[in-house]
Amino acid sequence: MDPVLALMAGSIAALIPLLAVMYKGSDLDYARAAGLISSFAAGFVFGVLAQLWAQFYARFTYLLALGLMSASLGYSWWGIYRRWWVAYLFAAAGWIYLIVLIAAARALGLPDPFLI
Amino acid sequence: MDKRQIKRFLVSFFPFLVFLISVASPSGDYVFRSVQPASLQPSPPPYVAFRNGTFYLYSSPFGTWRYPGLISVSVNGPLIYINSDCPFGLPTYLRGPGGYELDVFVPPGYQGTCRAELLYGSWSAEYVFKVREVDWYPGVDVRAAVVLNGSGWQFLQLAPDGALYAWGVEIGQLPFSGCVVERGGVLAITQQMPYTELAPGVLVNGSPMWVPYPQSGTSLVSFLLDLRGNGTFYLYPAPCLKVEAPPAPAVDPIAEASANDIGLMGAPTPAAYVLARPKLAVAYRIEGPVATVVAANGSSIADRIYIYGFGLPVDMHMLLYYIYFTPTAYLTSDLVLFGSKPPAGRLGPFWAFPGNGTTYYYLGPMEPYLRNAPLPFGAPRGWAGPFIVVADGTGRWGGLPQVVSVAVERLGPWS
Amino acid sequence: MELTPLLAGLVWGLALSVARQWAEQKAAGRADRSELFPDRDVVIAFIVLGTTANVYSALLIASGAPQVYARPSALVALALVTASQLLIFLMALRPSRLDLDLALAASAPYVYLAALWIAAQALGAYTLWLF
Numbered sequence: 171m172d173p174v175l176a177l178m179a180g181s182i183a184a185l186i187p188l189l190a191v192m193y194k195g196s197d198l199d200y201a202r203a204a205g206l207i208s209s210f211a212a213g214f215v216f217g218v219l220a221q222l223w224a225q226f227y228a229r230f231t232y233l234l235a236l237g238l239m240s241a242s243l244g245y246s247w248w249g250i251y252r253r254w255w256v257a258y259l260f261a262a263a264g265w266i267y268l269i270v271l272i273a274a275a276r277a278l279g280l281p282d283p284f285l286i
Numbered sequence: 004m005d006k007r008q009i010k011r012f013l014v015s016f017f018p019f020l021v022f023l024i025s026v027a028s029p030s031g032d033y034v035f036r037s038v039q040p041a042s043l044q045p046s047p048p049p050y051v052a053f054r055n056g057t058f059y060l061y062s063s064p065f066g067t068w069r070y071p072g073l074i075s076v077s078v079n080g081p082l083i084y085i086n087s088d089c090p091f092g093l094p095t096y097l098r099g100p101g102g103y104e105l106d107v108f109v110p111p112g113y114q115g116t117c118r119a120e121l122l123y124g125s126w127s128a129e130y131v132f133k134v135r136e137v138d139w140y141p142g143v144d145v146r147a148a149v150v151l152n153g154s155g156w157q158f159l160q161l162a163p164d165g166a167l168y169a170w171g172v173e174i175g176q177l178p179f180s181g182c183v184v185e186r187g188g189v190l191a192i193t194q195q196m197p198y199t200e201l202a203p204g205v206l207v208n209g210s211p212m213w214v215p216y217p218q219s220g221t222s223l224v225s226f227l228l229d230l231r232g233n234g235t236f237y238l239y240p241a242p243c244l245k246v247e248a249p250p251a252p253a254v255d256p257i258a259e260a261s262a263n264d265i266g267l268m269g270a271p272t273p274a275a276y277v278l279a280r281p282k283l284a285v286a287y288r289i290e291g292p293v294a295t296v297v298a299a300n301g302s303s304i305a306d307r308i309y310i311y312g313f314g315l316p317v318d319m320h321m322l323l324y325y326i327y328f329t330p331t332a333y334l335t336s337d338l339v340l341f342g343s344k345p346p347a348g349r350l351g352p353f354w355a356f357p358g359n360g361t362t363y364y365y366l367g368p369m370e371p372y373l374r375n376a377p378l379p380f381g382a383p384r385g386w387a388g389p390f391i392v393v394a395d396g397t398g399r400w401g402g403l404p405q406v407v408s409v410a411v412e413r414l415g416p417w418s
Numbered sequence: 002m003e004l005t006p007l008l009a010g011l012v013w014g015l016a017l018s019v020a021r022q023w024a025e026q027k028a029a030g031r032a033d034r035s036e037l038f039p040d041r042d043v044v045i046a047f048i049v050l051g052t053t054a055n056v057y058s059a060l061l062i063a064s065g066a067p068q069v070y071a072r073p074s075a076l077v078a079l080a081l082v083t084a085s086q087l088l089i090f091l092m093a094l095r096p097s098r099l100d101l102d103l104a105l106a107a108s109a110p111y112v113y114l115a116a117l118w119i120a121a122q123a124l125g126a127y128t129l130w131l132f
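If you're matching them up, the sequences are chains A, B and C in order. Under the working numbering, the first residue of the first sequence carries the number 171, and numbering increases by one thereafter. Under the working numbering, the first residue of the second sequence carries the number 4, and numbering increases by one thereafter. Under the working numbering, the first residue of the third sequence carries the number 2, and numbering increases by one thereafter.
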């Protein structure tokens, strides 16, 4: 698992909406900035998960995590586009799901967080 | 379309050319980074000549000759194909990028010329292999040619430092040790006989007491040779071959010892003067195709004896024994180390005891047979040995062989 | 296609295009930017894709060291890629009306590589670096 690739994925996920906002000349206020941070984080986690495809592609929890991260990225972008910060709460759903999985795996003593 | 439109189209199109090149090339993005599909480095061993892209190899009648790492290939591109008509076990392709060492396995008895071609696209490199058969064991480039003179079957052993023993007696020194012996174009059966010191640290006649003992660290390479006058054998410093051969017949050292009164000694006891014979029991066996060893030991009031019977598949066998005499000092009139009657004569350093069909030859540091001596003499004390008895049922044995010459021969490249 | 050089070039290209937006904003102030810089959409696309292509080719060529550096054609390619990237820097940080022509000039390495590739395919060669 290469963290540099994940960092690049996160940067791309954040730079694309930033470019779009600046191209249109719109304001970059705090709501949009929070959206950029959220996009970066979603892109980074997606980059980490995507590199583990070969190990976990048959696990349902893994595929659900990938889907939720993509949805999280989409919601972040939508929040930037519409300046609607509630979208970021929807984006956090993916995070909460992953944190619950990792905590459950730690508590049960399992080697990886993708339970089934 | 005016110039501005054309410029706009070209400017948005040109960067894609790089990605198109990378996607559309047969070798992918290796077109950017590799100049040659592979670079080759032949590294022949010292007995293989390499000139003008041709390897001059040897093949052996005794087995497959392995040339490890003959050509080092470092593949820069995605793939290299190998096309060859050689029966050498070369792979048909090598995946890159990566480095490979090509091993060449020449089948036994193969002679001739063959080619191998490495290619990718329009790049190719060709190697020619010329193979000649030679009467040599594969994989080693040196051998010791030893000429012995003797008659009859000889039981030879080779120590790790190169010392050569015949029937347990050192007869010469070879420059190195090995486990492959060739005589007359045929490989002899060799057996690694494990040896250990009977009493560590104790020297008898200036040498430690080496006796066969299973699963020991030191091994002596043992083999049999039939000599009629001068005979040559070749020793190759190679590891032992696995042989499937029936084990040699065992000899019963206890029966031999009691039939020949080994260790019989007169000892004065308070009640009377007794003739003490050690009571022996078998301790262990070592089985093998060249020699089967039966080890026995036992004691009497006068001495303790450790005897090893070497049974051989030819009509001969050998006994090796060490005796520990009680340290108590006393006088005796009877001491027999071998023999139920006095010896008939000598053969070199050996005393000969003819029996029915089998002649026994005794070699030891003391006189073998002393019964009813006119004057009592002091009994020996402490360790004594080695006592070696060679039993010859063939009638052809002419004594220990002599080393006539030892020469080291090296295999050089041909042509 | 190697993922790491591709994504690295993409990140850098996006960053440079964001820098260009900032430079345009500074130059234009309250005025309309699409009047001041008429082809800014094509130039943005070129900055992103051109930087990706430059970084990608430069990293791939450098990964073939040292045999690749023995070929003058590879060194010429690297020089053109560097010059092209410098022009892209210029376009990103100093927007002007000549950006379309600058972009056309900065496409030189891609045309050069494509010409090499066509020649290599015609000759059946296994590498772009024919001389």
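Even for Gly, the Cβ is constructed at its ideal location relative to N, Cα and C.
- Across the stretch 27 to 38 of chain C, CB contacts with chain A closer than 8 Å involve R34, in sequence order along the chain.
- Minimum Cα-Cα distance from A394 (chain B) among the listed residues B:D255, B:M268 and B:V131 corresponds to B:D255.
- Under the 10 Å beta carbon count, D88 (chain B) is surrounded by fewer than 16 other beta carbons and is classified as exposed.
- M171 (chain A) is classed as exposed because its beta carbon has fewer than 16 other beta carbons within 10 Å across all chains shown.
- Pairing G402 (chain B) with T235 (chain B), the inter-Cα distance amounts to about 18 Å.
- In the three-state reduction of the DSSP assignment, K245 (chain B) falls in the coil class.
- Under the Cβ distance rule, G14 (chain C) does not count among the residues neighbouring chain B, no pair being separated by less than 7 Å.
- In the structure shown, I326 (chain B) adopts extended strand secondary structure according to DSSP, grouped into three states.
- The alpha carbon of A260 (chain B) has as its nearest neighbour, out of B:E247, B:P18, B:A241 and B:A298, the alpha carbon of B:A298.
- Contact between L8 (chain C) and L175 (chain A) holds, with the beta-carbon distance rounding to 7 Å and staying under 8 Å.
- For F353 (chain B), DSSP records a beta bridge to B:L350.
- For F53 (chain B), the enclosing beta strand (DSSP E) has its first and last residue at A52 to R54.
- The contact set of A176 (chain A) on chain C, defined by CB atoms closer than 9 Å, is empty, because the minimum CB distance reaches about 10 Å.
- Here the alpha carbon of W139 (chain B) sits roughly 10 Å from the alpha carbon of L190 (chain B).
- Excluding residues up to 5 positions away in sequence, G155 lie with their Cβ nearer than 6 Å to the Cβ of W400 (chain B) in the same chain.
- Listed along chain C are L8, L11, V12 and L15, each with a C-beta nearer than 9 Å to that of I182 (chain A).
- Rounded to whole angstroms, the separation of the alpha carbons of L114 (chain C) and R202 (chain A) is 41 Å.
- When 9 Å is used as the limit between beta carbons, Y123 (chain B) is near these residues of chain C: Y127, in chain order.
- At least one beta carbon of chain C lies nearer than 7 Å to the beta carbon of Y193 (chain A).
- Annotated three-state conformation of G209 (chain B) is coil, per DSSP.
- The stretch 377 to 396 of chain B and the stretch 265 to 273 of chain A do not touch, with fewer than 3 CB-CB distances between them shorter than 8 Å.
- A Cβ-Cβ separation of about 6 Å places F158 (chain B) in contact with L315 (chain B) under the 8 Å criterion.
- DSSP places S77 (chain B) in the strand class (E or B) of the three-state scheme.
- About 5 Å separates the beta carbon of G301 (chain B) from that of P281 (chain B), a gap short enough to meet the 8 Å contact definition.
- A Cβ-Cβ contact shorter than 7 Å links F341 (chain B) with V392 (chain B).
- F35 (chain B) and A224 (chain A) have their alpha carbons spaced roughly 28 Å apart.
- Below the 7 Å Cβ cutoff, chain C contributes no neighbours of D5 (chain B), its closest Cβ being approximately 12 Å away.
- For the pair V109 (chain B) and V137 (chain B), the CB atoms are not nearer than the 7 Å cut-off.
- At a C-beta separation below 8 Å, S75 (chain B) has no neighbours in chain C, since its nearest C-beta there lies roughly 16 Å away.
- DSSP places S225 (chain B) in no alpha helix (DSSP H) but in the uninterrupted beta strand (DSSP E) bounded by T221 to Y239.
- Setting aside the 5 residues that flank it on each side, R186 (chain B) is surrounded in the same chain by L228, G234, T235, F236 and Y237, each with a C-beta closer than 8 Å to its C-beta; the list follows chain order.
- Neighbours of I24 (chain B) in chain C, taken as residues whose beta carbon is under 8 Å from its own, are L114, A115, W118 and L129 in chain order.
- Separation of N86 (chain B) and S75 (chain B) (C-alpha to C-alpha, rounded to the nearest whole angstrom) is 16 Å.
- Boundaries of the alpha helix (DSSP H) around S261 (chain B): P256 to A262.
- Within its own chain, the residues whose Cβ lies closer than 7 Å to the Cβ of Q39 (chain B), once the five positions on either side in sequence are excluded, are N79 and W126, listed in chain order.
- Within chain A, the residues L189 have their CB atoms less than 7 Å from the CB of S18 (chain C), given in chain order.
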